[in-house]
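Novice: Chains as they are written, first to last, in my numbering: chain W, 1 to 485; chain G, 1001 to 1527.
We put the CB at the ideal spot given by N, CA and C, even for glycine.
Computed from a predicted structure; not experimentally measured.
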């Protein structure tokens, strides 16, 4: 492995990956892969997660096409140096910020959006001109194999490598020296990644998760209610069966609206996913037995079981769990303390919807907070009084598709961000370059020191141009006694 | 009383640290630090603190480092006041949310990026610029609305103690606290959960800081150092270049600065244009650079080796700045303590290099002073070339062609700064392209620190993250993405059950014809 990485470093040193043409060709290669191998991609996602092609297109393939096009369009701009303003006193000097690739980077991706979460960071790393190693999740083997064996045929494999494997390969990779590590996954492994990065002082981006709450206010208009409920239902159950870092984890609603919400949700679920969602393939399956049992275990508590008001049936053989709604499970139960990552939706009722702010703040910071409300004052309060990676009003999950918004967490939900130009920036070093002329210098810059030189510094720092003149002309004297100490 | 003081000092352990953080979290939760007025008041008070205590600060710095008063007033207090002023002027703009463009994908919607404070942050500072490196990050943390714990370096004890006293007097101690101490206290602090840790210092301790941060997934800014090289090309105004190098090296805490020129790389070759130019410039220099004192580099014109001309120029300028007995000059800082003094003398006394000293080398253990020292043509495997010098020793490395210097620099770890003195456009471009460092300066040294529109930070071993100006504000802020959606115009294609029709429409939305898109937007697509 070391020799492979060494040759990648040599390749980076050769400067090949820094040219605009190389970056564009790789991005176009990625685009071609996605377009030409769409059928294979759908198949792999179906195999690994039971995703319907429309869901796969909407969440992974389509968003990747959009992201690549955005990068292709913006690349030249992103790569150009940015002139920096200097004060007038800096005569005949100039400064600029020069974006430069970091070098050799490592991308470790997750299993729930195995294509999306591998390639979105890859787009950024390529656009920034780096060489990279991608380690897809072994828990989505069909996709991992597709990336390692098919995608690489569209790319420059001297600069972009895909290394498949499980935790032991991951560990080996983490021991190497990288210029950046980009990790998507759980907070537990996030800590392991960051601790490993310490050895070489490698900066990291950690895209983690958390319990993303959805606050649902009461609505007078039934249209609004319906739209809100539809968006909640699709964001929870229609997004990899709730196995998404930004899926709605639980709902907060006022007591008096709760039963109405439950009824509307039931209807919406039936409408969207049909009476037999497993057959209609509108909901993905659970990734593997381990997670299936984990989710099953969340419902094993008697008190939690009692709170199930819809769904609850599980098919272990097919790793399928139907959309399940719970009403007020005990707050100490695991389902309310751990990130659910599955199609179980607890609804917690509160006396007043404003209490949701305190509730949310009692838990670690989430990757996203969703608030369905038309109350402007409440919106302002949520904005100012809660903290999360992102905040969406009246919808959920959709912020993932906005290229102009940074996508990342805070606190337990992560470090760093990407998407759009933020992806480029995350894999770039913005180097400050200052240029001076030999023709201008200030003699007071050099020792031996005296009071006049000190005054000149002071006036220069204050951009007090008149003051500078006065000191030079001897009309302003130094009040300090430099020898008093 | 001494007894109870000692007791108090001994008590800052993990429990005390935990209680401190909890207290600050309560303050932060109250929303106090988020108000614009609070931030402005703290920054104004910091300015006042600098103005009213200049003498005391300069005295503390003289005690800790024998820092010349001008360096204290200009580089520490002056730059800090500048930071405060910039923040005071700009914070009202910085806190305004940034609008983000939204596209058809989420139509109709609007979006913005909101800067919010992180919460409770820890700033650990260094000993070489104890005031600047403690308070400059503090300016950013306050401007961004956080509660802060500052841990100044114990290696500069007078400064640490003065900082502690002054911050209590001038700033809001319900939100801003100073904890003095060494390893034990720092470890106790590092066990806590912070929203951010800002560390200035060396790579070894940085790893300890980052490892502690990893336990809580705390993001860090690490401002470290490295061997900042100076490449000197032929065909330049050597006198101006030399002065700038001296100002950046010995004029900055006697070489004890993270961006001090660490070593010089230049060519062995004879550079005839230089000699000619030097001769012409000797007579013209009267008009150059507002300078009125005579140049003393005439002798060097007769040597036919470029590097010897450089050494000669350095010697002359050093003498002009610091006199014939630099150990007695009041314009040079001393070495901070005997540990570093021993470290530096070890570098000088190594067999491989002790014969290469061409200037200086004098030292006085009692006063912890080392004279400006130049070493010529030291071997690559010497101690002095394998660690950051952080002192008044300047080795000169020779290469055959100037372009080789870039490979030499890139063969080591990435430094915090790199400097080039050249008039050749192509060489400058190559330098910028191929040398990776935190920041580069062409034809000068260290000045980029004073530019608040430039991010100041390292890359690779020299650090991660950056600050100064708005970058300080950003370093201590969370940029929250906010998306506002309305209830009208939902695309039915978004929802199951999924049909081939929906696939068609979705594809149209991603990159299709106008009519298809309109249909999709208005939800006219068949369900």
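Under the three-state reduction of DSSP, which class applies to residue 176(W): helix, strand or coil?
Specialist: Three-state result, residue 176(W): coil.
Novice: Taking residue 110(W) as the query, report the chain G residues whose CB atoms sit under 9 Å from its CB, ordered along the chain.
Specialist: None at all; the shortest Cβ gap to chain G is about 16 Å.
Novice: Are the CB atoms of residue 1158(G) and residue 1063(G) nearer to each other than 7 Å?
Specialist: Yes, the pair counts as a contact, with Cβ atoms nearer than the cut-off.
Novice: Note down, one range per segment and in chain order, each beta strand (DSSP E) of at least 3 residues found wholly within the stretch 417-473 of chain W.
Specialist: Complete beta strand (DSSP E) runs here, min 3: 428-435.
Novice: Flag residue 1377(G) as yes if its beta-carbon sits less than 7 Å from any beta-carbon of chain W, otherwise no.
Specialist: Judged by the 7 Å Cβ criterion, residue 1377(G) is not in contact with chain W.
Novice: Going along chain G, which residues have a C-beta under 7 Å from residue 449(W)?
Specialist: In chain order: 1068, 1070 and 1331.
Novice: Since residue 1036(G) is in the alpha helix (DSSP H), which residue starts that stretch and which ends it?
Specialist: Note, residue 1036(G): alpha helix (DSSP H), 1036-1052.
Novice: Which partner residues of residue 1177(G) appear in the DSSP bridge assignment?
Specialist: BP columns for residue 1177(G) point to 1149(G).
Novice: Please report the distance separating the alpha-carbon of residue 1356(G) from that of residue 1377(G).
Specialist: If you take the alpha carbons of residue 1356(G) and residue 1377(G), they lie about 7 Å apart.
Novice: With 16 as the cutoff for other CB atoms within 10 Å, does residue 527(W) come out buried or exposed?
Specialist: Residue 527(W) cannot be examined here, being either before or after the span of chain W that is shown, 1 to 485.
Novice: Within its chain, find whatever has a CB closer than 6 Å to the CB of residue 1242(G); leave out the 5 residues flanking it on each side and keep chain order.
Specialist: Answer for residue 1242(G): 1313, 1314 and 1317, listed in chain order.
Novice: Can a CB atom of chain W be found closer than 7 Å to the CB of residue 1265(G)?
Specialist: No, residue 1265(G) does not count as interfacial toward chain W.
Novice: Quick one: does residue 1276(G) have its CB under 7 Å from some CB of chain W?
Specialist: Unreliable placement is indicated for residue 1276(G), whose pLDDT of 42 sits below 50; no coordinate value is reported for it.
Novice: How is residue 1262(G) classed by DSSP in three states: helix, strand or coil?
Specialist: Reduced to three states, the DSSP call for residue 1262(G) is strand.
Novice: Among the residues of its own chain, which have a CB less than 7 Å from the CB of residue 1329(G), if the five just before and after it don't count?
Specialist: Here the set comprises 1322 and 1323.
Novice: Which term fits residue 380(W), buried or exposed, when burial requires 16 or more other beta carbons within 10 angstroms of its beta carbon?
Specialist: Its Cβ having fewer than 16 others within 10 Å, residue 380(W) is exposed.
Novice: In whole angstroms, what is the alpha-carbon distance linking residue 1438(G) and residue 176(W)?
Specialist: Looking at the two C-alpha atoms, the distance is approximately 22 Å.
Novice: Would you say residue 276(W) faces chain G, with C-beta separation under 7 Å as the test?
Specialist: Chain G contact via Cβ: absent.
Novice: According to the neighbour-count rule (16 or more other Cβ atoms, all chains shown, within 10 Å of its Cβ), is residue 1418(G) buried or exposed?
Specialist: Residue 1418(G) comes out buried.
Novice: Which residues of chain W have a Cβ atom closer than 8 Å to the Cβ of residue 1454(G), listed in chain order?
Specialist: The answer, in chain order, is 84, 95, 97, 432 and 434.
Novice: Kindly indicate if chain G contains any beta-carbon less than 7 Å away from that of residue 291(W).
Specialist: No - not a single Cβ of chain G is within 7 Å of the one on residue 291(W).
Novice: Taking the alpha carbon of residue 19(W) as the point to measure from, which residue in 78(W), 58(W) and 423(W) has its own alpha carbon closest?
Specialist: Of 78(W), 58(W) and 423(W), the residue nearest in Cα terms is 78(W).
Novice: Could you pull the start and end residues of the alpha helix (DSSP H) that residue 131(W) belongs to?
Specialist: That residue, residue 131(W), is in no alpha helix (DSSP H); its beta strand (DSSP E) goes 131-135.
Novice: By Cβ distance below 8 Å, which residues in the same chain neighbour residue 274(W) in space, the five residues on each side in sequence not counted?
Specialist: Here the set comprises 280 and 282.
Novice: Which residues bound the beta strand (DSSP E) around residue 1375(G)?
Specialist: Start and end: 1373-1376.
Novice: Pick from 136(W), 304(W) and 240(W): whose alpha carbon is nearest that of residue 51(W)?
Specialist: Closest option to residue 51(W), Cα to Cα, is 240(W).
Novice: Please tell me whether residue 486(W) has its Cβ less than 7 Å away from any Cβ of chain G.
Specialist: Limits of chain W in this structure are 1 at one end and 485 at the other, which puts residue 486(W) out of reach.
Novice: For residue 213(W), list the residues DSSP reports as bridge partners.
Specialist: 250(W), per the DSSP bridge assignment.
Novice: Could you say which of 1049(G), 1346(G) and 1267(G) lies nearest to residue 1310(G) if we only look at CA atoms?
Specialist: Nearest C-alpha to residue 1310(G): 1267(G).
Novice: Mapping the DSSP letters down to three states, classify residue 116(W) as helix, strand or coil.
Specialist: Here residue 116(W) sits in helix by DSSP.
Novice: Under 8 Å: do the stretch 335-349 of chain W and the stretch 201-213 of chain W share three or more Cβ pairs, one atom per stretch?
Specialist: The stretch 335-349 of chain W is in contact with the stretch 201-213 of chain W.
Novice: Assuming the contact rule is C-beta atoms closer than 8 Å, residue 1221(G) and residue 1245(G) should be a hit. Round their C-beta distance to whole Å, please.
Specialist: Actually they do not touch by this definition, with Cβ atoms about 29 Å apart.
Novice: Are residue 1370(G) and residue 1359(G) closer than 7 Å when you measure CB to CB?
Specialist: Cβ atoms of residue 1370(G) and residue 1359(G): not closer than 7 Å.
Novice: Going along chain G in order, which residues have a C-beta closer than 7 Å to the C-beta of residue 415(W)?
Specialist: Neighbours of residue 415(W) on chain G, chain order: 1217 and 1219.
Novice: If we define contact as Cβ-Cβ less than 7 Å, is residue 390(W) a contact residue for chain G?
Specialist: Yes - at least one Cβ of chain G is within 7 Å of the one on residue 390(W).
Novice: Since residue 1100(G) sits in a beta bridge, which residues does DSSP pair it with?
Specialist: Beta-bridge pairing links residue 1100(G) to 1111(G).
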